[in-house]
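*Asks:*
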Amino acid sequence: MTDTEIEITADLVRDLLQEQHPDLAGLAIREVAGGWGNQMWRLGDELAVRMQRMDPTPELQLKERRWLPVLAPRLPLPVPTPVRFGEPSERFPKHWTVMTWVPGEPLDHGSISRGAHAADTLAGFLQALHVEAPAEAPITTDRGAHPRNCTDGFENFFQAVAPDDIAADVRDVWDDAVAAHAWEGPPVWVHGDLHPANVVVSDGTLSGIIDFGDMFAGDPAWDLAAAWVLLPAGTASRFFDMYGHADEAAIRRARGLAAMKSLFLMLMGQNGDRGLPGGKPNWGPAGRAALDRVLKGV
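Okay, so the sequence shown: first residue is 433 according to my numbering, each after it adds one.
Printed below as a string of structure tokens:
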């Protein structure tokens with residue numbers, strides 16, 4: 433068994449806590465379903481342990497450790513904040529982090545019934561997040577790029593899952609995004625991976641944002657795509673009105689990126705239906721619904 437295949441059990445989590453943070457070892461531990469790069473375990477009522485699993489490097493966890501304590505105090509929704517660090521050891525040669533637990537149900541297992549409230553909430557969150565990032569903030573070479581630099585990824589998803597009846601319309605949306613002007617402002621903080629498994633809902637609306645491992649400084653359009661990927665039909669216009677800072681080019685880039693993200697969700701759903709590793713059967717319908725919203729525009 434290689435280190436990427438280490439079985440992470442409640443007993444292992446408790447042993448690691450006993451070794452490195454014994455004051456937390458007596459709290460109840462229970463597994464959280466889902467996760468791929470990292471596996472989550474509830475720790476008591478207010479904490480969680482984030483265990484590096486399939487991620488090949490600790491970069492994403494280390495990024496969260498460094499920057500979430502900086503960002504969290506000014507964000508209007510709960511986000512997971514690191515409170516203790518677990519270092520690689522003989523028992524577990526990878527990083528793990530104790531973080532605050534964000535209550536709610538992941539959107540890929542829940543729903544939004546209060547669409548206007550959710551649109552306002554997401555807009556307010558992204559307004560607070562999308563401020564100029566410091567020079568030392570992380571950057572990325574894939575997420576964050578202009579759509580024209582993501583054509584290979586789009587084509588892969590498109591060829592794999594784009595429904596024949598709407599394929600031409602989806603390509604038109606993508607081509608329009610590719611033709612849009614690039615982001616000309618300073619790099620701002622971007623979550624980078626807003627999809628239904630990375631937000632939580634309660635009482636019919638958004639109540640928290642999780643998994644900041646892909647955050648970077650760059651083009652906010654990567655987050656603005658969530659207007660279609662996350663929000664119910666008919667609320668994108670309200671979202672952009674409330675957000676207030678997106679020009680026409682940003683909305684065009686965001687819509688194209690939303691099309692690509694929707695296709696990705698559909699591909700993950702297809703992989704799940706086929707029983708492939710990492711596949712998520714319930715993501716397929718969510719991706720198709722998002723793609724339908726993308727085609728309706730703002």
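Quick reminder that beta carbons are idealized off the backbone N, C-alpha and C, glycines included. Bear in mind the structure is a predicted one, so any value in this text is a computation, not a measurement.
#1: Opposite I461 in the DSSP bridges: which residues?
#2: Can you tell me the Cα-Cα spacing of V610 and G666, whole angstroms?
#3: When the Cα atoms are used, what is the spatial distance from V605 to K712?
#4: Who are the Cβ neighbours of D435 in its own chain at under 8 Å, not counting the five residues just before and after it?
#5: Distance check for W533 and L459, CA to CA, integer angstroms please.
#6: Using CA coordinates, which residue listed in F672, R516, L503 is at the minimum distance from D455?
#7: In three-state terms, what does DSSP make of V481?
#8: Less than 9 Å between the beta carbons of R575 and G617, yes or no?
#9: What residues match up with V633 in a beta bridge as DSSP calls it?
#10: Can you give me the Cβ contacts of I544 inside the same chain, cut-off strictly under 8 Å, excluding the 5 residues immediately before and after it?
#11: Would you list, in sequence order, the uninterrupted beta strand (DSSP E) runs of no fewer than 3 residues that lie entirely inside the segment 491 to 515?
#12: Can you say whether K693 is buried or exposed, counting buried as having 16 or more other CB atoms within 10 angstroms of its CB?
*Replies:* Quick answer:
#1: DSSP, once it has assigned bridges, lists L475 as partnering I461.
#2: When rounded, the distance between both Cα atoms is 24 Å.
#3: Spanning the two alpha carbons is a distance of roughly 25 Å.
#4: Unreliable placement is indicated for D435, whose pLDDT of 45 sits below 50; the coordinate value is still reported in the next sentence. Same-chain partners within the cutoff: P525, K526.
#5: If you take the alpha carbons of L459 and W533, they lie about 14 Å apart.
#6: With distances taken between Cα atoms, D455 lies closest to R516.
#7: V481 falls in the strand class under three-state DSSP.
#8: Not in contact: R575 and G617 (Cβ atoms no closer than 9 Å).
#9: E537, L638.
#10: Hits under 8 Å: A550, V633, G636, T637, L638, L662, L663, P664.
#11: Fully enclosed beta strand (DSSP E) runs of no fewer than 3 residues are not present anywhere in the segment 491 to 515.
#12: The Cβ neighbour count for K693, taken over all protein chains shown within 10 Å, is at least 16; the residue is labelled buried.
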